[in-house]
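Working notes for the structure below.
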Amino acid sequence: MDGQKSFWGKVFSASAFLVASFLPSSAKSSAIINSNIVPEHESSLKALAPKTPISKLLFLKKAWDQKNQWLAHRSHSSHRSHSSHASGSNSPSHYSSSIAPSTPISPYTPAPSTQPRTQTAAPTKVSKSPPTANMLIGSQTCRINEEVSFFDKSEGNVTKWLWNFGDGTTSSERNPLHKYAQAGKYSIKLIVSGADGSDDIVKENKITVLEKKPIAQLLVENPVVSQGQEVSFKDKSNGNIESWLWNFGDGQTSTEKNPSHKYQQPGTYAVQLKVTGPGGSDTITDSNQVTITEAAPVAEFSATKRNICKGQTVTFKDDSSGKASAWLWDFGDGFSSTAQNPIHTYIQPGNYTVKLKVTGQGGSTECTSKDYIYVSSDLLKAGFGQSHLSCTAGESVTFTDSSKGKIKSWVWNFGDGATSTQQNPHHIFLEADTYTVTLMVSSQDDVEQRCQKIIMVRPITTLVEKSELENQKTTDSSHGFAWTTYTLIAGLGAFGLNKLRKTLIKPKTDK
31 MDGQKSFWGK VFSASAFLVA SFLPSSAKSS AIINSNIVPE HESSLKALAP KTPISKLLFL
91 KKAWDQKNQW LAHRSHSSHR SHSSHASGSN SPSHYSSSIA PSTPISPYTP APSTQPRTQT
151 AAPTKVSKSP PTANMLIGSQ TCRINEEVSF FDKSEGNVTK WLWNFGDGTT SSERNPLHKY
211 AQAGKYSIKL IVSGADGSDD IVKENKITVL EKKPIAQLLV ENPVVSQGQE VSFKDKSNGN
271 IESWLWNFGD GQTSTEKNPS HKYQQPGTYA VQLKVTGPGG SDTITDSNQV TITEAAPVAE
331 FSATKRNICK GQTVTFKDDS SGKASAWLWD FGDGFSSTAQ NPIHTYIQPG NYTVKLKVTG
391 QGGSTECTSK DYIYVSSDLL KAGFGQSHLS CTAGESVTFT DSSKGKIKSW VWNFGDGATS
451 TQQNPHHIFL EADTYTVTLM VSSQDDVEQR CQKIIMVRPI TTLVEKSELE NQKTTDSSHG
511 FAWTTYTLIA GLGAFGLNKL RKTLIKPKTD K
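Mapping of the sequence shown onto this note's numbering: residues 31 to 541, in sequence order.
So this is what it looks like as structure tokens:
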């Protein structure tokens with residue numbers, strides 16, 4: 031009987047202990063005291079008490095049910111004991127129980143319930159895997175020094191990125207920007223890493239980098255000039271350039287890098303430059319780049335003779351180029367002229383410097399010739415005489431020099447292609463004609479003077495009887511002669527000769 035008390039005492043204590051475990055700490059001690067928990071049973075109760083809250087409740091319920099069963103059994107036993115005493119039974123026990131005191135309390139197993147109940151789900155085991163690398167390239171074709179965008183499209187837990195752009199440079203940014211300095215094809219590699227591992231992806235020859243397109247620029251060093259003057263052009267383009275094409279706006283072109291050009295007409299010209307390189311071509315046209323003004327005339331002159339004697343005249347000729355509207359001559363002896371082609375007489379001997387200034391719409395220029403005219407102090411005068419004023423073909427004529435001054439040379443021109451340097455030459459004219467004979471004499475100062483005369487050369491003639499010519503042809507080609515009337519021999523009929531002239535002009539020749 032004492033064993034049963036001890037057992038159920040433990041049960042009661044356990045029940046109270048379990049109830050107290052769900053109470054606040056302030057009420058816990060009170061619950062333990064009121065349940066009459068024996069202190070020495072506390073360690074046993076802790077050993078019997080389950081560890082989880084649900085099991086504790088189930089255990090408490092089972093203990094509570096067993097307690098009620100025990101109380102009911104005790105009440106029944108007590109009633110039966112009283113009955114036994116009343117009937118004279120001398121049993122020493124106060125109560126009896128069908129539950130053995132030494133029977134241990136087994137964990138309570140609840141019966142299946144149709145009521146829903148809440149349960150805590152067991153943790154799900156997560157499988158770990160490395161990230162999957164992927165990328166997106168903003169532009170697969172670019173030019174040198176143009177920015178290219180790269181985007182990370184990897185999946186999974188990524189904490190680190192390593193980009194390799196294929197040109198020796200890298201980046202640890204997630205979405206970097208990059209510029210390529212050289213043309214070519216480049217492969218891109220991306221390595222992504224996370225807590226569960228790493229992965230990489232390579233895209234071969236994914237980026238094509240082209241040469242930078244050149245930018246055409248030009249410079250005109252002297253944009254305003256007169257026509258005929260050179261204009262210098264300079265290429266100021268940027269980029270890798272292999273060829274140039276200039277258009278000067280007047281129909282002329284050049285493939286030089288820095289050309290020069292002459293414009294022949296006044297006006298304003300737009301210049302165009304096209305540059306071409308590996309990266310492409312570019313063209314620039316600058317309007318009103320070159321202004322060509324009308325060129326000033328370029329002064330230049332000449333004279334009919336430069337060495338003269340005092341008192342002789344010189345005719346000057348304007349040989350200027352360009353459009354001149356005004357002339358100003360300075361003859362060097364204090365006299366001037368505004369005529370285009372003046373005539374001037376020098377009175378005093380000496381050397382004279384001549385100047386000519388010409389003016390036009392484009393401006394004016396001046397030409398100066400030092401010691402251009404020489405005036406000799408000698409009085410040089412050319413002259414000659416001849417043995418015949420007229421002669422017959424084949425007849426010799428003597429020419430006699432009658433010039434005045436210090437003469438050092440004579441030059442004769444007989445007008446038939448023949449010349450002579452003798453002072454007093456002889457000459458035969460072979461054909462009848464009119465000839466101009468010229469004598470040019472030179473002095474010790476190289477002053478020249480000329481003299482000209484005309485000489486008439488007659489054909490060879492013979493006289494024949496009239497009867498010989500009657501009913502005859504005026505020309506007889508079979509004999510190689512031509513018949514004509516020689517007008518210089520006039521009045522033959524007046525002398526009563528009644529004859530005509532047979533004139534030998536020249537033998538007929540086949541041409």
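Just so you know, even glycine gets a beta-carbon here, dropped at the ideal spot from N, CA and C.
Residue i versus residue j - alpha carbon distance
{"i": "Ala272", "j": "Asp316", "result": "For clarity, residue 272 is Glu in the given sequence; the question names Ala instead. C-alpha separation (whole angstroms): 21 Å."}
{"i": "Ser433", "j": "Lys387", "result": "39 Å"}
{"i": "Glu260", "j": "Ile377", "result": "45 Å"}
{"i": "Ala369", "j": "Glu396", "result": "15 Å"}
{"i": "Cys481", "j": "Met470", "result": "7 Å"}
{"i": "Trp191", "j": "Pro244", "result": "36 Å"}
{"i": "Asp431", "j": "Asn454", "result": "6 Å"}
{"i": "Lys483", "j": "Thr389", "result": "43 Å"}
{"i": "Phe429", "j": "Trp442", "result": "9 Å"}
{"i": "Glu425", "j": "Glu330", "result": "49 Å"}
{"i": "Ser350", "j": "Ser311", "result": "46 Å"}
{"i": "Lys266", "j": "Ala356", "result": "43 Å"}
{"i": "Gly198", "j": "Gln170", "result": "18 Å"}
{"i": "Asn205", "j": "Ser284", "result": "49 Å"}
{"i": "Gly258", "j": "Glu286", "result": "20 Å"}
{"i": "Asn337", "j": "Ser450", "result": "22 Å"}
{"i": "Pro289", "j": "Tyr299", "result": "16 Å"}
{"i": "Ala333", "j": "Asp348", "result": "9 Å"}
{"i": "Tyr216", "j": "Asp182", "result": "18 Å"}
Buried/exposed call for residue i, threshold 16 Cβ in 10 Å
{"i": "Gln295", "result": "exposed"}
{"i": "Thr200", "result": "exposed"}
{"i": "Ser202", "result": "exposed"}
{"i": "Ala325", "result": "buried"}
{"i": "His457", "result": "buried"}
{"i": "Trp276", "result": "buried"}
{"i": "Ser159", "result": "exposed"}
{"i": "Ile218", "result": "buried"}
{"i": "Ile490", "result": "exposed"}
{"i": "Gly227", "result": "exposed"}
{"i": "Gly196", "result": "buried"}
{"i": "Phe278", "result": "buried"}
{"i": "Phe180", "result": "buried"}
{"i": "Leu303", "result": "buried"}
{"i": "Asp475", "result": "buried"}
Whole-number beta carbon distance between residue j and residue i, since they are thought to touch under 8 Å
{"i": "Val384", "j": "Ile403", "result": "6 Å"}
{"i": "Cys339", "j": "Asp446", "result": "At roughly 30 Å, the Cβ-Cβ gap does not stay under 8 Å, so Cys339 and Asp446 are not in contact."}
{"i": "Ala211", "j": "Asn175", "result": "7 Å"}
Check whether residue i and residue j have beta carbons under 8 Å apart
{"i": "Val305", "j": "Ala246", "result": "yes"}
{"i": "Leu460", "j": "Ala412", "result": "no"}
{"i": "Gly352", "j": "Val328", "result": "yes"}
{"i": "Val250", "j": "Val301", "result": "yes"}
{"i": "Lys264", "j": "Leu248", "result": "yes"}
{"i": "Lys236", "j": "Ile167", "result": "yes"}
{"i": "Ala462", "j": "Arg488", "result": "yes"}
Cβ neighbours of residue i in the same chain (closer than 6 Å, five flanking residues each side left out)
{"i": "Met486", "result": "Ser420, Thr464"}
{"i": "Lys242", "result": "Arg173, Ile174, Gly269, Gly309"}
{"i": "Leu220", "result": "Ala163, Met165, Trp193, Ile231"}
{"i": "Pro372", "result": "Phe346, Trp359"}
{"i": "Gly393", "result": "Ala326"}
{"i": "Thr398", "result": "Lys385"}
{"i": "His374", "result": "Val344, Phe361"}
Residues near residue i by beta carbon distance below 7 Å, same chain, minus five either side
{"i": "Thr162", "result": "Ser184, Glu185, Gly186, Asp229"}
{"i": "Gln282", "result": "His291"}
{"i": "Lys335", "result": "Val344, Glu478"}
{"i": "Gly297", "result": "Ile322"}
{"i": "Gly435", "result": "Asp408, Leu409, Leu410, Lys411, Ser473"}
{"i": "Thr466", "result": "Gly445, Gln482, Ile484"}
{"i": "Ser417", "result": "Val427, Thr428"}
{"i": "Gly307", "result": "Glu241, Pro244, Gly269, Asn270, Ile271, Glu272"}
Same chain, Cβ closer than 8 Å to residue i, five either side skipped, listed in chain order
{"i": "Tyr382", "result": "Phe361, Gly362, Asp363, Tyr376, Asp401, Tyr402, Ile403, Tyr404, Val405"}
{"i": "Thr189", "result": "Ser223, Gly224, Ala225"}
CB contact check: residue i to chain D, cutoff 8 Å
{"i": "Ser433", "result": "Included in the structure is just one protein chain, with no chain D present."}
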